[in-house]
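One structure is given below, encoded as structure tokens.
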DNA sequence: TTTACTTATTGATATACATCAATGTATTTA
DNA sequence: TAAATACATTGATGTATATCAATAAGTAAA
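Protein chains in written order, with the numbering used here: chain R, 1174 to 1369; chain X, 1174 to 1369.
Next up, the structure:
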């Protein structure tokens, strides 16, 4: 079981979505697990079934897949956010992506079984589940829309303006794989931008 | 109110997701509305707020947006499916896409207000809402993955094999806009394929 | 049926990006 | 600190796809 401090942010993050009464919360929290992973380590690998919801307490994680021998980075997850492999968790098919820590990270794990039993027991959790997926869905719509913008240069500029710190923390080649371009091309884009 | 025949498929489509007891169903169905639209007409236009869930009884609908004066087709909706503008319905911001009938279509409309009151009243509807978004989300993940495949030719071939009838029913230029290529390029891809 | 209008094909040229190869610059690791 | 390894830059060249323009083939309207 976790210390009070451990799920401080966790509870806050949930409360912003829906109010969970004391009773339900106590029932929920006893099953939470804590885990620490180092830079480079994996939460899930391709082929595994995702059976946990993760709350990222601290750190930075990315999801990626390999296609034609090249890595494609799909998403970055930053601290104080929930995530799972949507596809695997919801459909119970094997993950098509891997989830790797880009920095040392602290996680809180919720097992799928436990979460689903909470759905059955408490309407507020059923609602939490609905709203969480809705939010994930909206985020995906926005992300996809973003990366469908015309040029790679615009995509990079947009990332620069919305999440400048990410570009500092993450190697260029991973940023490039996120933007769906080669690192050579990103290098040239950066050169072009710096010249104005 | 709708005739029995009118929501026959509708009820079936819901039952595959979650069981709705008689009482809840009767409460729900009284507010359903029917609507018929002709080819070329719109369900929602860009800038409107989407306040209805649609069940497409018959017909074919596409969503699209305009960027740099060019149409981009995002999704096709076929008969016996539910949809709404996810982004607008869930966030209550204006639609960024338009929804246009590609053929004469029959719709069943559920108002958002009514649906949300069903969420409040019945746990089974709360669950229906959750699972519906989960399914929409999984579908989007798969669609995005699909269209991120390497070449446009592969994308087109995949569409040909998974949904050949769509290519018969829909003008090439709309298929091209769905594949994110020009209609000229699609024409050449088709030529290449026909030659083997 | 003829006319107009939209949609599809084909050609010539331009552009954004990938690939491969070489070199330079950081970061680990010993 | 030196050596090893990973990462970033730069250049030369190739390829997928866009753009513009002309023509052809369908489809709807008069």
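Just so it is clear, CB atoms sit at the ideal spot from N, CA and C, and this is done for glycine as well. Treat the numbers as computed from the prediction; the structure is a model and nothing was measured.
Residue 1329 of chain X has its alpha-carbon roughly 23 Å from the corresponding atom of residue 1254 of chain X. By alpha-carbon distance to residue 1220 of chain R, the top candidate from R/1293, R/1337, R/1266 is R/1266.
Under the DSSP assignment, residue 1254 of chain X falls in the beta strand (DSSP E) whose first and last residues are 1254 to 1256. For residue 1248 of chain R, the enclosing beta strand (DSSP E) covers residues 1243 to 1251. Annotation: Cβ neighbours of residue 1309 of chain X in chain R (cutoff 8 Å, chain order): 1310. Within its own chain, the residues whose Cβ lies closer than 8 Å to the Cβ of residue 1238 of chain R, once the five positions on either side in sequence are excluded, are 1219, 1244, 1245, 1247, 1269, 1270, 1271, listed in chain order.
In the structure shown, the three-state DSSP call for residue 1294 of chain R is helix. Contact between the stretch 1196 to 1204 of chain R and the stretch 1289 to 1298 of chain R is present: three or more C-beta pairs spanning the two stretches fall below 8 Å.
DSSP lists R/1234 as the beta-bridge partner residues of residue 1274 of chain R. Of the other Cβ atoms in all chains shown, fewer than 16 fall within 10 Å of the Cβ of residue 1181 of chain X; this residue is therefore exposed. In this structure, residue 1256 of chain X keeps its C-beta atom at 8 Å or more from the C-beta atom of residue 1285 of chain X.
For residue 1314 of chain X, the residues of chain R that pass the 8 Å Cβ criterion are 1259, 1260, 1313, in the order they occur in the chain. Put simply, of R/1264, R/1240, R/1211, R/1290 the residue whose alpha carbon is nearest the alpha carbon of residue 1231 of chain R is R/1211. If you check the CB distance, residue 1311 of chain R and residue 1264 of chain X come in under 8 Å. Distance from the CA atom of residue 1206 of chain R to the CA atom of residue 1225 of chain R, rounded to whole angstroms, is 10 Å.
About 5 Å separates the CB atoms of residue 1279 of chain X and residue 1209 of chain X; that is less than 8 Å, so the two are in contact. With a cutoff of 8 Å on beta-carbon distance, residue 1260 of chain R and residue 1314 of chain X are scored as near each other. For residue 1327 of chain X, no chain R residue has a C-beta closer than 7 Å to its own C-beta; the minimum C-beta separation is roughly 12 Å.
In the DSSP assignment, the residues bridged to residue 1206 of chain R are R/1282.
As DSSP reads the structure, residue 1351 of chain X sits in no beta bridge. Only buried fits residue 1235 of chain R, as 16 or more other CB atoms lie within 10 angstroms of its CB.
Per the coordinates, the alpha-carbon of residue 1319 of chain X lies some 14 Å from the alpha-carbon of residue 1249 of chain X.
The C-beta distance from residue 1342 of chain R to residue 1302 of chain X rounds to 37 Å, too long to meet the 8 Å contact threshold.
Within the stretch 1213 to 1238 of chain R, no residue has its Cβ closer than 8 Å to any Cβ of chain X. Using a Cβ-Cβ cut-off of 8 Å, residue 1244 of chain X does not count as an interface residue toward chain R, since no Cβ of chain R sits closer than that to its own. In the three-state DSSP reduction, residue 1260 of chain R falls in the helix class (H, G or I). Distances from the CA of residue 1275 of chain X to each of X/1281, X/1317, X/1290, X/1345 were compared; the closest alpha carbon is that of X/1345.
Looking at the DSSP output, residue 1225 of chain X bridges to X/1284.
Using a Cβ-Cβ cut-off of 8 Å, residue 1317 of chain R counts as an interface residue toward chain X, since at least one Cβ of chain X sits closer than that to its own.
Across the set R/1321, R/1363, R/1189, R/1222, the C-alpha of R/1363 shows the shortest separation from the C-alpha of residue 1340 of chain R.
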